[in-house]
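J.:
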Amino acid sequence: MSVVRNLFRTTALTAAIVLASTPMIAAQARQATASAAKQARAPARAERRPNVLLIMADDFAPKLGSYGAPVRTPNLDRLAAQGVSFDRAYSQFPWCAPSRASMLTGTRPGTTRVADLNTPFRAALPDILTLPQYFRANGYFAGRVGKIFHQGVPGGIGEAGPDDPQSWDKVVDPRGRDRDAENGRLVDLTPGIPYGSAMAYLADEGEDDEQTDGKVATEAIEMLKANRDKPFFIGVGFYRPHVPEVAPKKYFDLYPLNTVAIENQDPAMLARVLPASKAWTPDNFGMSADEQRQMIRAYYAATSYMDAQVGRVLDALQALGLADDTIVIFTSDHGFMLGEHGQWMKNILWEPSARVPLIVRVPGTRTAKGKRSPRTVELLDLYPTLLDLAGLPGYDRNEGKSLKPLLARPADRGWAKPALSQVRGGRSVRTERWRYTEWEGGKLGRELYDHKRDPGELHNLADDPRHAATVAKLHAMLPAGPVEARPKPVPYDPIRNCTYFPAQRPASPTAAKASGMGADGLAGLQRCEALDP
Ligand SMILES: [Ca+2]
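Just so we're aligned, residue -11 is where the sequence shown starts under the numbering used here, counting upward by one.
1) Once you ignore the five residues that flank Asp192 on each side, which residues in its own chain have a CB closer than 6 Å to its CB?
2) Can you find the residues in the same chain that come closer than 7 Å, C-beta to C-beta, to Gly202, ignoring five residues on each side of it along the sequence?
3) Is it right to say Glu328 is buried, meaning 16 or more other beta carbons lie within 10 angstroms of its own, or is it exposed?
4) Can you have a look at Asp152 and say buried or exposed, based on whether 16 or more other CB atoms are within 10 angstroms of its CB?
5) Do Asp161 and Glu147 have their C-beta atoms closer together than 7 Å?
6) State yes or no: is the C-beta of Pro219 within less than 7 Å of the C-beta of Tyr128?
7) Check whether the Cβ of Asp46 lies closer than 6 Å to any heavy atom of ligand 1, and answer yes or no.
8) According to DSSP, simplified to helix, strand and coil, what is Met333?
9) Compute the Euclidean distance between the alpha carbons of Ile222 and Met275, then round it to the nearest angstrom.
10) Which one of Ser416, Thr458, Gly429, Val350 has the shortest CA to CA distance from Gly469?
11) Assign Glu472 to one of two classes, buried (16 or more other C-beta atoms within 10 Å of its C-beta) or exposed (fewer than that).
12) Less than 6 Å between the CB of Asp321 and some heavy atom of ligand 1, yes or no?
13) Identify whether Leu119 lies in helix, strand or coil by the three-state DSSP scheme.
14) Below 6 Å, is the gap between the Cβ of Cys486 and the nearest heavy atom of ligand 1?
15) Using 6 Å as the cut-off, classify the Cβ of Cys516 as near or not near the heavy atoms of ligand 1, replying yes or no.
16) Between the beta-carbon of Leu380 and the beta-carbon of Asn126, is there less than 7 Å?
17) For a quick check, are the C-beta atoms of Met44 and Gly299 less than 7 Å apart?
18) Give the straight-line distance between the Cα atoms of Arg37 and Ile347, rounded to the nearest whole angstrom.
19) Between Ala214, Val350, Ala169, which has its C-alpha nearest Leu394's C-alpha?
20) For Met294 and Pro229, which I take to be in contact (beta-carbon distance under 8 Å), what is that distance rounded to the nearest angstrom?
21) Exposed or buried, Ile483, counting other C-beta atoms within 10 Å across all chains shown (16 or more means buried)?
22) How do the region 328 to 338 and the region 249 to 267 stand: do at least 3 beta-carbon pairs fall below 8 Å, yes or no?
23) What would DSSP say about Asp47, mapped onto helix, strand or coil?
24) Between Trp403 and the rest of its own chain, which residues show a CB-CB distance below 7 Å, the 5 nearest in sequence each way excluded?
25) Rounded to a whole number of angstroms, what is the C-alpha to C-alpha distance between His54 and Ala68?
26) Taking Pro182 and Leu513 to be in contact with their CB atoms under 8 Å, please state how far apart those CB atoms are, rounded to whole angstroms.
27) Hey, would you say Thr319 sits closer than 7 Å to Val344, going by beta carbons?
28) Using the three-state DSSP reduction, which class does Glu193 fall into: helix, strand or coil?
29) To the nearest angstrom, how far is it from the Cα of Arg260 to the Cα of Ala57?
30) Do the region 301 to 316 and the region 203 to 219 touch if we need at least three Cβ pairs shorter than 8 Å?
31) Give the single residue among Ser416, Pro475, Asn63, Trp332 whose Cα lies nearest to the Cα of Ala450.
32) Based on Cα-Cα distance, which residue from Lys359, Gln410, Cys486, Asp481 lies nearest to Asp75?
33) Evaluate Ala77 with the Cβ neighbour count: other Cβ atoms within 10 Å of its Cβ, from every protein chain shown; 16 or more gives buried, anything less gives exposed.
34) Quick one: complete beta strand (DSSP E) runs, 3+ long, within the region 178 to 230?
35) Going by C-alpha to C-alpha distance, which of Pro108, Gly131, Ala111, Ala112 sits closest to Leu119?
36) Please report the straight-line C-alpha distance between Gly149 and Ala290, rounded to a whole angstrom.
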């Protein structure tokens, strides 16, 4: 019997009546909804559907206390104690726009055709119902505060960006003082790289609610208050810990610099990394150990700041009497490298780039409070999970699988679905024990890591004949079909503070856009060629 249905006993409409009374939405959405409605089974009895509060952080690897990281996240840890945490949850394309398009349409990157920051998923999927849109079409209020679909950071803060208007009844795009921090106040360890990608930070003056994430929390609380009497799907999208790492100074003070550890930088290990497995060169952008320490501290500080804002929203949910009627999800669009393998940021297929935190709190789930699931799950599983938990009809275009069985029994051995991730030119599969990655179908190399013995992914076993059978098995799990060319890592010159694009420089801005290169979030990047006389 559904746990959720036990909880939401107040009167509500059947799916059919809700659909008939749906407010005006785009014609294509209505059409697609009608198709979804055909799959609907009428609920067994009248019930009030649960609310959904989807909280996302940006570029957040699972560096939180409850995941064993030396980062202070008391509010997320409290949520984890009340719900189920997934230790092996993965992004399908660890980069903002492609990941969010996949998660929010419930389809894989091969279906969304989004592999850069500019291509809208509506180009390939004009009539898909997004996750919030599906709830909206089923009688929910759907609202968003901050970054749920892709927005550029920091340039797009305060603007809707490439949003999906038909997904929402209301959107709010707050803008705090961090948006203007680029006016010469940031500590920039990689000059010449735009602030969306630069290793830059600021221990800022002022209070929490002067920064964008503080305003996101404040606006989210207002949206909860305004919609407390109706079923709602509210997306709360925080901007930190995406770079630049701007947060009030008190959060930096939590991490004395001499207590922050940097990643293994053994030169022999770094020399073994496949060129295809890098997003940028040189290793660590040429940052010194002390500079790396500063960036890690800044990431931790921005995380603790974001955690405090999550806490404000969760406290409001409780104070408004909504906690017992609301499913809460916390996750991120992808992870973030903090110097592992000499790499920083994302858009590569190492574990810290592909892995995300995932915490699900379902009111009334008595069997799994504070438990952790070791099973491999994917961000695109969230869409069918939420339909399942809310008692809404399934959507036949979902390519993921409901996590509901794991919420009841987090270690359920019946769950044996591997997690797939990809970037341009790379395909990777993660099982509980292994990560296997192919670059251009193996032409540019293959990687096999045994996470049971080597969680740091330091020993590539792909060419070890003793693991040939494992490689064959994992290869068969990768998606079929052609693999596009692998872009070369972006070469940064830390002496001249500029970057080169040899070989892959497109002929024109149009060609750049078509190739996806101009869409890398690198617009405004200082080109070394331009510095030459
Ligand atoms: Ca992101």
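Even glycine gets a Cβ: it sits at the ideal position worked out from N, Cα and C.
T.: Taking the definition as stated:
1) On the sequence shown, residue 192 is found 204 positions in, with the first residue counted as 1. Result list for Asp192: Val234, Pro236, in chain order.
2) Numbered from 1 along the sequence shown, position 214 holds the residue referred to as residue 202. Within the same chain, Gly202 has close Cβ partners Gly164, Asp196, Gln297.
3) Residue 328 sits at position 340 when you count from the first residue of the sequence shown. It is buried - the Cβ of Glu328 has at least 16 other Cβ atoms within 10 Å.
4) Sequence index remark: in the sequence shown, residue 152 carries index 164 (1-based). Buried, because 16 or more other Cβ atoms sit within 10 Å of the Cβ of Asp152.
5) Locating residue 161 in the sequence shown gives position 173, where the first residue counts as 1. Locating residue 147 in the sequence shown gives position 159, where the first residue counts as 1. In contact: Asp161 and Glu147 (Cβ atoms closer than 7 Å).
6) Residue mapping note: residue 219 aligns to position 231 of the sequence shown, counting from 1. Residue mapping note: residue 128 aligns to position 140 of the sequence shown, counting from 1. Taking a C-beta distance under 7 Å as the contact criterion, Pro219 and Tyr128 qualify as a contact pair.
7) Walking along the sequence shown from the start, residue 46 turns up at place 58. Taking non-hydrogen atoms of ligand 1 into account, the C-beta of Asp46 is found less than 6 Å away from one of them.
8) By one-based count along the sequence shown, residue 333 stands at place 345. Met333 carries a strand assignment under DSSP once its states are collapsed to helix, strand and coil.
9) The sequence position of residue 222 within the sequence shown is 234, counting from 1. The sequence position of residue 275 within the sequence shown is 287, counting from 1. Each residue's alpha carbon lies about 40 Å from the other.
10) If you number the sequence shown from 1, residue 469 lands on position 481. The shortest Cα separation from Gly469 among Ser416, Thr458, Gly429, Val350 belongs to Gly429.
11) Numbered from 1 along the sequence shown, position 484 holds the residue referred to as residue 472. Exposed is the call here.
12) Counting from one through the sequence shown, the residue named residue 321 turns up at place 333. For Asp321, the Cβ falls inside the 6 Å cut-off from some heavy atom of ligand 1.
13) Position 131 of the sequence shown holds residue 119. Secondary structure at Leu119: helix, using DSSP grouped into helix, strand and coil.
14) Mapped onto the sequence shown, residue 486 falls at position 498. For ligand 1, not one heavy atom lies less than 6 Å from the Cβ of Cys486.
15) Indexing the sequence shown from 1 puts residue 516 at position 528. No - ligand 1 has no heavy atom lying nearer than 6 Å to the Cβ of Cys516.
16) If you number the sequence shown from 1, residue 380 lands on position 392. If you number the sequence shown from 1, residue 126 lands on position 138. The answer is yes: Cβ separation under 7 Å.
17) The residue you call residue 44 lines up with position 56 of the sequence shown. The residue you call residue 299 lines up with position 311 of the sequence shown. Not in contact: Met44 and Gly299 (Cβ atoms no closer than 7 Å).
18) In the sequence shown, residue 37 corresponds to position 49, counting from 1. In the sequence shown, residue 347 corresponds to position 359, counting from 1. In a straight line, the C-alpha of Arg37 is about 21 Å away from that of Ile347.
19) Taking the first residue of the sequence shown as position 1, residue 394 is located at position 406. Of the listed residues, the one whose Cα sits closest to Leu394 is Val350.
20) The count along the sequence shown starts at 1 and reaches residue 294 at position 306. The count along the sequence shown starts at 1 and reaches residue 229 at position 241. Approximately 6 Å separates the beta-carbon atoms of Met294 and Pro229; this is inside 8 Å, confirming the contact.
21) The residue you call residue 483 lines up with position 495 of the sequence shown. Classification for Ile483: exposed.
22) The region 328 to 338, when compared against the region 249 to 267, does touch it at the 8 Å Cβ threshold.
23) Counting from 1 along the sequence shown, the entry for residue 47 is found at position 59. DSSP, read as helix, strand or coil, puts Asp47 in coil.
24) Taking the first residue of the sequence shown as position 1, residue 403 is located at position 415. Around Trp403: Arg363, Pro393, Leu394.
25) Position 66 of the sequence shown, counted from the first residue, corresponds to residue 54. Position 80 of the sequence shown, counted from the first residue, corresponds to residue 68. According to the sequence provided, residue 54 is Ser. The question's His does not apply to it. Between Ser54 and Ala68, the alpha-carbon positions lie close to 7 Å from each other.
26) Position 194 of the sequence shown, counting from 1, holds the residue named residue 182. Position 525 of the sequence shown, counting from 1, holds the residue named residue 513. That pair is a contact at about 6 Å.
27) Residue 319 sits at position 331 when you count from the first residue of the sequence shown. Residue 344 sits at position 356 when you count from the first residue of the sequence shown. Closer than 7 Å, so yes.
28) Numbered from its first residue, the sequence shown carries residue 193 at position 205. Glu193 falls in the coil class under three-state DSSP.
29) In the sequence shown, residue 260 corresponds to position 272, counting from 1. In the sequence shown, residue 57 corresponds to position 69, counting from 1. Using only the alpha carbons, I get a separation of about 27 Å.
30) With the rule of 3 Cβ pairs closer than 8 Å, the region 301 to 316 counts as touching the region 203 to 219.
31) As a working note, residue 450 is residue 462 in the sequence shown. The shortest C-alpha separation from Ala450 is found at Ser416.
32) Here residue 75 corresponds to residue number 87 of the sequence shown, with the count starting at 1. Here the closest residue by C-alpha is Lys359.
33) Mapped onto the sequence shown, residue 77 falls at position 89. With 16 or more Cβ atoms within 10 Å of its Cβ, Ala77 is classed as buried.
34) Entirely contained in the region 178 to 230, the beta strand (DSSP E) runs reaching 3 residues are, in chain order, 188 to 192, 220 to 225.
35) The sequence position of residue 119 within the sequence shown is 131, counting from 1. Comparing Cα-Cα distances from Leu119 to each of Pro108, Gly131, Ala111, Ala112, the minimum goes to Gly131.
36) Position 161 of the sequence shown holds residue 149. Position 302 of the sequence shown holds residue 290. The alpha-carbon atoms of Gly149 and Ala290 are separated by roughly 23 Å.
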